[in-house]
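Inspection log for the structure reproduced underneath, given as C-alpha coordinates.
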Amino acid sequence: MRNFYRPRPEKKFYFINHRIEAPTLRVIDKEGKQVGVLSKFDALGKARELETDLVLIAPRANPPVAKLIDFKKFLYQEEKKLSDAKKGIKKSKVKDIKLSLFIAQGDLTRLMNRTIEFLEEGNQVRINLLFRGREIGKRQMGFDLMFKFLKSLGEINVSKEPRLMGRIISTVVFRKK
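Residues 1187 to 1363 (the numbering used here) are what the sequence shown spells out, left to right.
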(Lines of atoms letter the chains of each structure in order from A and count residues from 1; the text may use other names and numbers.)
(Lines give C-alpha, C1' and ligand atoms only; values in the text may rest on other atoms or scores of the structure.)
Protein backbone atom coordinates (compact mmCIF):
# COMPACT_ATOMS: atom_id res chain seq x y z
CA MET A 1 0.00 0.00 0.00
CA ARG A 2 1.37 3.37 -1.02
CA ASN A 3 1.49 6.25 1.35
CA PHE A 4 0.57 9.40 -0.57
CA TYR A 5 2.08 12.26 1.34
CA ARG A 6 1.33 15.74 0.10
CA PRO A 7 3.21 18.46 1.89
CA ARG A 8 0.91 21.28 2.94
CA PRO A 9 1.89 24.80 2.08
CA GLU A 10 3.64 26.48 4.97
CA LYS A 11 1.68 29.15 6.77
CA LYS A 12 3.61 32.28 7.41
CA PHE A 13 4.18 32.89 11.11
CA TYR A 14 4.17 36.43 12.48
CA PHE A 15 5.47 37.59 15.84
CA ILE A 16 2.97 39.96 17.44
CA ASN A 17 3.01 42.18 20.53
CA HIS A 18 4.92 40.57 23.44
CA ARG A 19 6.28 37.71 21.31
CA ILE A 20 8.63 40.09 19.53
CA GLU A 21 12.14 39.56 20.91
CA ALA A 22 14.07 42.42 19.29
CA PRO A 23 15.03 45.23 21.74
CA THR A 24 14.60 48.02 19.15
CA LEU A 25 12.20 48.22 16.22
CA ARG A 26 11.58 50.46 13.23
CA VAL A 27 7.86 51.19 13.64
CA ILE A 28 5.43 51.96 10.80
CA ASP A 29 1.82 53.11 11.37
CA LYS A 30 -1.40 52.04 9.56
CA GLU A 31 -0.91 54.46 6.66
CA GLY A 32 2.65 53.27 6.00
CA LYS A 33 4.38 56.30 7.52
CA GLN A 34 7.43 55.75 9.69
CA VAL A 35 6.99 56.50 13.36
CA GLY A 36 10.71 55.98 13.96
CA VAL A 37 13.10 53.61 15.70
CA LEU A 38 11.63 52.80 19.12
CA SER A 39 12.39 50.38 21.91
CA LYS A 40 10.12 47.34 22.12
CA PHE A 41 8.31 48.70 25.19
CA ASP A 42 7.71 52.14 23.65
CA ALA A 43 6.36 50.48 20.49
CA LEU A 44 4.02 48.29 22.58
CA GLY A 45 2.84 51.40 24.45
CA LYS A 46 2.15 53.15 21.14
CA ALA A 47 0.18 50.08 19.94
CA ARG A 48 -1.88 50.04 23.15
CA GLU A 49 -2.53 53.75 22.79
CA LEU A 50 -3.82 53.32 19.20
CA GLU A 51 -5.69 50.08 20.11
CA THR A 52 -3.83 48.05 17.45
CA ASP A 53 -1.36 45.19 17.38
CA LEU A 54 2.38 45.45 16.87
CA VAL A 55 3.24 42.96 14.10
CA LEU A 56 6.81 42.10 13.13
CA ILE A 57 6.90 42.40 9.33
CA ALA A 58 10.61 42.18 8.45
CA PRO A 59 12.50 40.35 11.22
CA ARG A 60 15.82 40.20 9.32
CA ALA A 61 16.10 43.95 8.68
CA ASN A 62 18.42 46.05 10.80
CA PRO A 63 16.60 47.14 12.99
CA PRO A 64 13.61 44.79 12.52
CA VAL A 65 10.49 46.40 11.03
CA ALA A 66 7.17 46.27 12.90
CA LYS A 67 3.81 47.67 11.88
CA LEU A 68 0.95 49.04 13.99
CA ILE A 69 -2.12 47.30 12.50
CA ASP A 70 -5.14 45.17 13.39
CA PHE A 71 -3.66 41.65 13.11
CA LYS A 72 -6.85 39.80 12.11
CA LYS A 73 -7.57 42.33 9.39
CA PHE A 74 -3.96 41.99 8.22
CA LEU A 75 -4.27 38.17 7.97
CA TYR A 76 -7.51 38.53 6.02
CA GLN A 77 -5.85 40.89 3.54
CA GLU A 78 -2.89 38.50 3.10
CA GLU A 79 -5.25 35.59 2.35
CA LYS A 80 -7.17 37.78 -0.08
CA LYS A 81 -3.94 38.67 -1.92
CA LEU A 82 -3.02 34.97 -2.24
CA SER A 83 -6.46 33.96 -3.54
CA ASP A 84 -6.48 36.86 -6.04
CA ALA A 85 -3.06 35.80 -7.28
CA LYS A 86 -4.30 32.23 -7.77
CA LYS A 87 -7.36 33.43 -9.70
CA GLY A 88 -5.22 35.24 -12.25
CA ILE A 89 -3.27 32.12 -13.17
CA LYS A 90 -4.84 29.82 -15.73
CA LYS A 91 -3.29 26.40 -15.77
CA SER A 92 -3.02 25.06 -19.27
CA LYS A 93 -3.76 21.40 -19.58
CA VAL A 94 -2.37 18.93 -22.08
CA LYS A 95 -5.16 17.40 -24.16
CA ASP A 96 -4.68 14.21 -26.20
CA ILE A 97 -5.70 13.57 -29.81
CA LYS A 98 -5.22 10.05 -31.21
CA LEU A 99 -4.86 9.38 -34.92
CA SER A 100 -4.40 6.19 -36.89
CA LEU A 101 -2.60 5.67 -40.18
CA PHE A 102 -5.68 4.85 -42.30
CA ILE A 103 -8.11 7.41 -40.87
CA ALA A 104 -11.11 8.53 -42.92
CA GLN A 105 -11.20 12.15 -44.13
CA GLY A 106 -14.36 12.91 -42.09
CA ASP A 107 -12.75 11.66 -38.88
CA LEU A 108 -9.58 13.61 -39.65
CA THR A 109 -11.60 16.81 -40.15
CA ARG A 110 -13.47 16.23 -36.88
CA LEU A 111 -10.21 15.73 -34.98
CA MET A 112 -8.71 18.87 -36.58
CA ASN A 113 -11.69 20.93 -35.41
CA ARG A 114 -11.46 19.46 -31.92
CA THR A 115 -7.73 20.23 -31.80
CA ILE A 116 -8.37 23.83 -32.87
CA GLU A 117 -10.97 24.17 -30.06
CA PHE A 118 -8.44 22.93 -27.50
CA LEU A 119 -5.81 25.35 -28.78
CA GLU A 120 -8.21 28.31 -28.67
CA GLU A 121 -8.99 27.49 -25.02
CA GLY A 122 -5.28 27.91 -24.30
CA ASN A 123 -4.46 24.23 -23.80
CA GLN A 124 -1.52 22.33 -25.18
CA VAL A 125 -2.39 19.38 -27.41
CA ARG A 126 -0.45 16.10 -27.64
CA ILE A 127 -1.09 14.43 -30.99
CA ASN A 128 -0.34 10.70 -31.17
CA LEU A 129 -0.41 8.56 -34.32
CA LEU A 130 -0.51 4.86 -33.39
CA PHE A 131 0.74 2.12 -35.74
CA ARG A 132 -1.11 -1.19 -35.48
CA GLY A 133 0.36 -4.51 -36.61
CA ARG A 134 2.18 -4.29 -39.94
CA GLU A 135 1.51 -0.55 -40.28
CA ILE A 136 4.87 0.07 -38.57
CA GLY A 137 6.47 -0.64 -41.96
CA LYS A 138 4.79 2.50 -43.36
CA ARG A 139 6.52 5.02 -41.09
CA GLN A 140 6.95 7.62 -43.82
CA MET A 141 3.19 7.61 -44.49
CA GLY A 142 2.67 8.23 -40.78
CA PHE A 143 5.03 11.21 -40.75
CA ASP A 144 3.38 12.59 -43.90
CA LEU A 145 -0.05 12.32 -42.26
CA MET A 146 1.24 14.00 -39.08
CA PHE A 147 2.77 16.94 -41.00
CA LYS A 148 -0.41 17.31 -43.08
CA PHE A 149 -2.44 17.39 -39.86
CA LEU A 150 -0.12 20.01 -38.31
CA LYS A 151 -0.24 22.18 -41.47
CA SER A 152 -4.05 22.15 -41.42
CA LEU A 153 -4.13 23.59 -37.87
CA GLY A 154 -2.90 27.00 -39.04
CA GLU A 155 -0.50 29.10 -36.98
CA ILE A 156 0.75 26.97 -34.11
CA ASN A 157 3.96 26.45 -32.20
CA VAL A 158 5.36 22.95 -32.05
CA SER A 159 7.01 22.46 -28.65
CA LYS A 160 8.02 18.87 -29.39
CA GLU A 161 8.80 17.86 -32.97
CA PRO A 162 7.07 14.70 -34.29
CA ARG A 163 9.18 11.66 -33.56
CA LEU A 164 8.73 7.91 -33.44
CA MET A 165 8.73 6.31 -30.00
CA GLY A 166 8.07 2.59 -30.30
CA ARG A 167 4.83 2.29 -32.28
CA ILE A 168 3.69 5.90 -31.76
CA ILE A 169 4.58 9.13 -33.56
CA SER A 170 4.03 11.88 -31.02
CA THR A 171 4.16 15.69 -30.98
CA VAL A 172 3.00 18.51 -28.68
CA VAL A 173 1.63 21.81 -30.03
CA PHE A 174 0.24 25.07 -28.62
CA ARG A 175 -1.28 28.27 -30.01
CA LYS A 176 0.90 31.23 -31.02
CA LYS A 177 0.20 34.29 -28.92
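Backbone N, C-alpha and C fix where the C-beta goes; we use that ideal spot for every residue, glycine too.
Bear in mind that the values here come from a model prediction, so they are computed numbers and not experimental data.
Relative to the alpha-carbon of residue i, which residue among the options has its alpha-carbon at the smallest distance?
i, options, result
"F1360", "E1303, R1318, N1309", "N1309"
"R1246", "L1211, I1255, F1260, D1215", "L1211"
"F1288", "K1272, K1273, R1318", "R1318"
"E1196", "R1300, E1341, E1265, L1297", "E1265"
"K1281", "A1233, E1307, R1296", "E1307"
"K1219", "S1225, K1337, L1336, I1255", "I1255"
"K1258", "K1273, P1249, K1272, T1238", "T1238"
"I1206", "T1295, K1284, Q1263, P1250", "P1250"
On the criterion of 16 or more Cβ atoms from any shown chain inside 10 Å, does residue i qualify as buried, or is it exposed?
i, result
"G1328", "buried"
"I1322", "exposed"
"F1304", "buried"
"M1351", "exposed"
"L1268", "exposed"
"A1233", "buried"
According to DSSP, simplified to helix, strand and coil, what is residue i?
i, result
"R1318", "coil"
"L1242", "strand"
Can you list, in chain order, the residues of its chain whose CB lies under 7 angstroms from that of residue i, leaving out five sequence neighbours each side?
i, result
"A1229", "L1211, V1213, L1240, A1252"
Could you pull out every residue in the same chain whose Cβ sits closer than 6 angstroms to the Cβ of residue i, ignoring the five residues on either side in sequence?
i, result
"F1201", "L1242"
"R1349", "none"
Beta carbon of residue i: closer than 7 angstroms to some heavy atom of the ligand FAD?
i, result
"R1353", "Inclusion of the ligand FAD in the displayed structure is not the case, the ligand content being empty and no account of it being possible."
To which residues of the same chain is residue i closer than 8 angstroms at the C-beta, ignoring the five residues directly before and after it?
i, result
"S1345", "Q1310, V1358, V1359, F1360"
Any contact between the region 1352-1361 and the region 1305-1321? By contact I mean 3 or more CB pairs, one from each, below 8 angstroms.
Flag = yes, the region 1352-1361 and the region 1305-1321 touch.
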